[in-house]
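I have placed the structure first, in the form of structure tokens, so that the comments after it can refer back to it.
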Amino acid sequence: MTDPHAQPYQRIVQDVFDQLRLGRLKPGDKLGTTRELADYYGVAPGTVQRALAELRAAEVIYSHQGKGSFVRQVSPSRPSTSPEFKELQAQISALTARLERVEKALFGT
């Protein structure tokens, strides 16, 4: 679930984090090409490049020239401390808590 008021590149970053959390992306998985991701998200290639740069800065992915971008194996002993990563972690935690409250109210679980 992404913030509709966030910048397009931020929505891509959040979507990648959501896919990781849900297990749809795993360490070693290859992301689509810039063009494929731009088409998928309906944004310009530059927007995808900015999102990928944010994900690299957060040490979530790594890129090899000519080969693509891949999900990084996150080491528990070396978590990312970038401000963007911390902000995303806080957003995910808040959304998870909110979802749990909604499910409890709706389903009594």
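Taking the working numbering, the leading residue of the sequence shown gets 96, the next gets one more, and so forth.
We treat Cβ as the ideally placed atom computed from N, Cα and C, and that holds for glycine.
Beta-carbon gap between residue i and residue j smaller than 7 Å
i    : j    : result
E198 : E149 : no
I107 : Y136 : yes
S188 : A152 : no
P122 : Q184 : no
Assigned exposure category for residue i - 16 Cβ within 10 Å defines buried
i    : result
P171 : Low confidence applies to P171: its pLDDT is 47, below 50, so where it sits in the model is not reliable enough to give any reading.
A139 : exposed
G105 : Gly is not the amino acid found at residue 105; the sequence shown has Gln there. Classification of Q105: buried, given that the 10 Å Cβ count is 16 or more.
Own chain residues within Cβ distance below 7 Å of residue i, not counting five before or after
i    : result
Q144 : T129
Of the residues the options, the one placed nearest residue i, counting alpha carbons only
i    : options                   : result
G161 : R193, A146 and G127       : G127
D205 : P103, G163, E195 and A200 : The structure shown does not extend to residue 205, since the chain is modelled only from 96 through 204, so no value can be given for it.
Sequence-distant residues of its chain with Cβ nearer than 8 Å to residue i (five each side left out)
i    : result
V155 : V111, F112, L115, V166, R167, V169, S175 and F180
H159 : F165
Cβ-based neighbour list, residue i, same chain, cut-off 6 Å, excluding 5 preceding and 5 following
i    : result
L194 : none
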